[in-house]
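Visitor: Just dropping this structure here.
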Amino acid sequence: MITWNGPVRVYACLEPTDMRKSFEGLCGVVELGMGRRLDAGSLFLFFNRRRDRVKILQAVEDGMILFYKRLERGTFELPASPAGAPGSGLEMRAGDLSLLLAGIDLSSVRHRRWWRQPAAREAFPCAGVTGV
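Everything in the sequence shown is counted per the numbering used here, starting at 766 for the first residue and increasing by one.
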């Protein structure tokens, strides 16, 4: 199991990718094909035509890391592309990436609505009040 520290942005390339490509070739797909920049902490997923192999390109502060996984049986279930999504890329959650690599069908996963903390100024309006 691979884990990532801190916040990561995950982008999946929905077009089949030639698995012979390495760092420079995949960087070209990210910038030209997906229209994204290689930012530190970002993960980019590339699948082959049969969807039994995936490469994950991670941009870090001092370079890049390339992960490669091949399935002996079965295929990876690509995330569903929202209607009218521009380009050949799709942004997804880091948790969805873990599910995808574990072989779980993302279409059967339901995300519950959670409360998200607003901006720091509005988060705790009573923080400056004394004598409570």
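For each residue, glycine too, the CB sits at the ideal point set by N, CA and C.
Please read all numbers here as calculations on a predicted model, not as lab measurements.
In angstroms with no decimal places, state the Cα-to-Cα distance between LEU831 and ILE869.
Guide: 22 Å
Visitor: Please classify SER807: does DSSP put it in a helix, a strand, or coil?
Guide: The answer is strand: DSSP assigns SER807 an E or B state.
Visitor: How big is the Cα-Cα spacing for LEU855 and MET799?
Guide: For LEU855 and MET799, the distance between alpha carbons rounds to 9 Å.
Visitor: Alpha carbon to alpha carbon, how far is GLU826 from ALA805?
Guide: 6 Å
Visitor: Starting from the C-beta of ASP861, find all residues in its chain whose C-beta is less than 8 Å away, skip the five residues before and the five after it, and write them out in chain order.
Guide: Once the five neighbours on either side are set aside, the close Cβ partners of ASP861 are VAL775, PRO844, LEU871 and VAL874.
Visitor: Are the CB atoms of VAL794 and PHE812 within a distance shorter than 8 Å?
Guide: Contact: no.
Visitor: Output the distance between the C-alpha atoms of GLN823 and LEU836, rounded to the nearest integer angstrom.
Guide: 20 Å
Visitor: Based on Cα-Cα distance, which residue from THR840, LYS834 and ALA777 lies nearest to SER807?
Guide: ALA777
Visitor: In chain order, what residues of the same chain have a beta carbon less than 7 Å from the beta carbon of ARG816, not counting five sequence neighbours either side?
Guide: THR840, PHE841 and LEU843
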